[in-house]
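Structure record follows, encoded as structure tokens.
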């Protein structure tokens, strides 16, 4: 009764044995894994956040990379033939929607270069949809540039700038100090429609000359439109009301639009296990290393999930069981940065201040999940003016997570009020909405 199955397995074995693993790509993957293994973290710069990548996850990434090459001919072909795709592949460990993008040939090759101030920037390729763009790039110079960051990144369609909501980049720990290869991740301020393939990217470096590149290019395929599921469904979790307005599935991410009832007694932050799930139990959950949403602190917010855009499920469900929340009267900390004193903080005792300085604040708390999100969102002084923060960071140590907020200049108008972007306190429910 298993003759057909055995024949299929035998044929598959022959196909796998006949596959040639691209040695250059494999060597790059192994080399990158070794480099990262020699260091305990990488810092991700973000408009409001830096994220830490763990050594253990990187080891799994290497295994995933090798396995994917072995079992997916389309994936192997893409890796061996497309310059700069290796850095895109690294994202697969954190977002399986990226592999579907590669497998379905939605990664667009560009290979456009420009040299300014003896530095050459090459845009290897990109992934673009109506929510944002992921850019694979290479930066080279005749001198060390490993510490060079980016002052700004701007992207245009038909010479019209697309307003960005946030953007991020890595400081990859690469062996060649004169060469950097990585990705830039831009999220648009709002949904962008595309009726053109003519685009341009401008990148300004954080160096003495503020070197600026301006590289035009043309997309080789149309930008795919999102699949919209209008809902307007009200749900209640431990007395907190929210309306799931609509869910839109894009190639890069799933956007979940939610409206929070203004009469809620708690400030709601992150949804720990928000996900979409098919009839087989396959899950696409929160984005772990990238923009997790937009509109924080507002009544209407958008949360991002990994994308199943290229899948064709028979059934699809939207589910939530746990989310972060705090009583609104405790949803901030009040600090005297000059004196290094805590004037007010949540009463649950779940965070501990380890450093309070005029230009930075650090707290630690028990690590409760694997999603890396900074606690801090924004700060204002005693006059209600914004205290400008150039970055926030995270790291982990022996069961604790540490979150730090850095200020552009020392704040002298105290006390300073800092609101949260996330917080390790949870409420539970059971939301299950059928999408199709």
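Residue numbers (my numbering): 20 to 455.
Beta carbons: idealized from backbone N, C-alpha and C, even for Gly.
With a threshold of 7 Å, establish whether the CB of residue i neighbours any heavy atom of the ligand MN.
{"i": "residue 165", "result": "Inclusion of the ligand MN in the displayed structure is not the case, the ligand content being empty and no account of it being possible."}
Exposed or buried, what is residue i when buried is set at 16 or more other beta-carbons lying within 10 Å of its beta-carbon?
{"i": "residue 208", "result": "exposed"}
{"i": "residue 189", "result": "buried"}
{"i": "residue 293", "result": "buried"}
{"i": "residue 368", "result": "exposed"}
{"i": "residue 270", "result": "buried"}
{"i": "residue 435", "result": "buried"}
{"i": "residue 218", "result": "buried"}
{"i": "residue 352", "result": "buried"}
{"i": "residue 401", "result": "exposed"}
{"i": "residue 428", "result": "exposed"}
{"i": "residue 152", "result": "buried"}
{"i": "residue 46", "result": "For residue 46, the predicted structure reports a pLDDT of 46, less than 50, and the residue's modelled location is therefore unreliable. A value from the coordinates is still provided. Exposed, since its Cβ has fewer than 16 Cβ neighbours within 10 Å."}
{"i": "residue 362", "result": "exposed"}
{"i": "residue 359", "result": "exposed"}
{"i": "residue 245", "result": "buried"}
{"i": "residue 347", "result": "exposed"}
{"i": "residue 240", "result": "exposed"}
{"i": "residue 439", "result": "buried"}
{"i": "residue 477", "result": "Because residue 477 is not part of the residues shown, which for the chain are 20 to 455, the question remains open."}
{"i": "residue 272", "result": "buried"}
{"i": "residue 413", "result": "buried"}
{"i": "residue 196", "result": "exposed"}
{"i": "residue 125", "result": "buried"}
{"i": "residue 296", "result": "buried"}
{"i": "residue 200", "result": "buried"}
Just list the residues that DSSP pairs residue i with in beta bridges.
{"i": "residue 175", "result": "180 and 219"}
{"i": "residue 425", "result": "379 and 410"}
{"i": "residue 252", "result": "263"}
{"i": "residue 141", "result": "132 and 157"}
{"i": "residue 302", "result": "296"}
{"i": "residue 415", "result": "420"}
{"i": "residue 368", "result": "Note: residue 368 sits in no beta bridge, so no partner."}
{"i": "residue 344", "result": "287"}
{"i": "residue 168", "result": "225"}
{"i": "residue 494", "result": "Beyond the ends of the chain as shown, which are 20 and 455, falls residue 494; an answer cannot be given."}
{"i": "residue 359", "result": "Paired residues: none, contrary to the question."}
{"i": "residue 276", "result": "265 and 321"}
{"i": "residue 446", "result": "342"}
{"i": "residue 452", "result": "337"}
{"i": "residue 397", "result": "438"}
{"i": "residue 151", "result": "206"}
{"i": "residue 384", "result": "420"}
{"i": "residue 235", "result": "219"}
{"i": "residue 146", "result": "153"}
{"i": "residue 351", "result": "438"}
Mind checking whether residue i and residue j have CB atoms under 8 Å apart?
{"i": "residue 154", "j": "residue 121", "result": "no"}
{"i": "residue 205", "j": "residue 167", "result": "no"}
{"i": "residue 291", "j": "residue 325", "result": "no"}
{"i": "residue 232", "j": "residue 221", "result": "yes"}
{"i": "residue 274", "j": "residue 150", "result": "yes"}
{"i": "residue 157", "j": "residue 198", "result": "yes"}
{"i": "residue 395", "j": "residue 366", "result": "no"}
{"i": "residue 289", "j": "residue 311", "result": "yes"}
{"i": "residue 370", "j": "residue 380", "result": "no"}
{"i": "residue 117", "j": "residue 131", "result": "no"}
{"i": "residue 265", "j": "residue 276", "result": "yes"}
{"i": "residue 335", "j": "residue 238", "result": "no"}
{"i": "residue 251", "j": "residue 215", "result": "no"}
{"i": "residue 253", "j": "residue 262", "result": "yes"}
{"i": "residue 211", "j": "residue 181", "result": "yes"}
{"i": "residue 313", "j": "residue 403", "result": "no"}
{"i": "residue 415", "j": "residue 386", "result": "yes"}
Give the C-beta separation of residue i and residue j to the nearest angstrom, bearing in mind that I take them to be a contact with Cβ-Cβ under 8 Å.
{"i": "residue 234", "j": "residue 145", "result": "So it is not a contact: roughly 11 Å between Cβ atoms."}
{"i": "residue 278", "j": "residue 318", "result": "6 Å"}
{"i": "residue 114", "j": "residue 243", "result": "Not confirmed; about 17 Å, so no contact."}
{"i": "residue 345", "j": "residue 442", "result": "5 Å"}
{"i": "residue 425", "j": "residue 408", "result": "6 Å"}
{"i": "residue 138", "j": "residue 230", "result": "6 Å"}
{"i": "residue 357", "j": "residue 451", "result": "The pair is not a contact, with the Cβ atoms about 50 Å apart (cut-off 8 Å)."}
{"i": "residue 430", "j": "residue 411", "result": "With 8 Å as the limit, residue 430 and residue 411 do not qualify as a contact, their Cβ atoms being about 15 Å apart."}
{"i": "residue 170", "j": "residue 225", "result": "5 Å"}
For chain B, find out if any of its Cβ atoms is closer than 8 Å to the Cβ of residue i; answer yes or no.
{"i": "residue 287", "result": "The question asks about chain B, but that chain is absent: this structure has only one protein chain."}
Validate contact between the stretch 359–379 and the stretch 314–332 using beta carbons, cut 8 Å, 3 pairs: no
The stretch 256–267 in contact with the stretch 433–448 per 3-pair CB rule at 8 Å: yes
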